[in-house]
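Take a look at the structure set out below.
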């Protein structure tokens, strides 16, 4: 059983910052990717950022230069530092773990950016 628990969401004004954390626990096989996705009301879940085991990162265009993904392999943690937040960043943010035997999702954490 694998559990992912996100934290760090909340309400922030436009231009502000938040740092999301995701803790993985349980019987986890080889981790390939640690990712963040988000889902705004009435929309599909979209990719936000990815970090591979050796640190290579990928971002969706709308967050490049504002968001930074990082990970702590030993602690099985992944983080998303979000700066210069915009109202359009409002969504439920989900942590995703990609392993050699499948993917796992957290329960999500709400991020609300007020204008």
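Residue numbers (my numbering): 479 to 593. Glycine included, C-beta positions come from ideal geometry on N, C-alpha and C. Treat the numbers as computed from the prediction; the structure is a model and nothing was measured.
Cβ-based neighbour list, residue i, same chain, cut-off 7 Å, excluding 5 preceding and 5 following
i	result
residue 584	482, 483, 484, 500, 572 and 573
residue 512	529, 549, 556 and 575
residue 505	479 and 480
residue 515	523, 524, 525, 526, 572 and 574
Residues near residue i in its chain [Cβ-Cβ closer than 6 Å; skip 5 each side]
i	result
residue 588	487 and 570
residue 578	507 and 508
residue 568	590 and 591
residue 544	561 and 562
Which residues DSSP lists as bridging residue i, in chain order
i	result
residue 598	Shown here, the chain extends from 479 to 593; a query on residue 598 therefore has no answer.
residue 516	524 and 571
residue 593	Answer is none; residue 593 lacks a bridge partner.
Proximal residues to residue i (C-beta, below 8 Å), its chain only, five neighbours per side dropped
i	result
residue 510	530, 531, 576, 577 and 578
Boundaries (first-last residue) of the beta strand (DSSP E) holding residue i
i	result
residue 549	545 to 550
Problem set entry | 3 or more residues per run - each beta strand (DSSP E) lying fully within the segment 555 to 584 | Secondary structure in the segment 555 to 584: the beta strand (DSSP E) runs of 3 residues or longer, each lying completely within the stretch, are 555 to 560, 569 to 577 and 580 to 583 in chain order.
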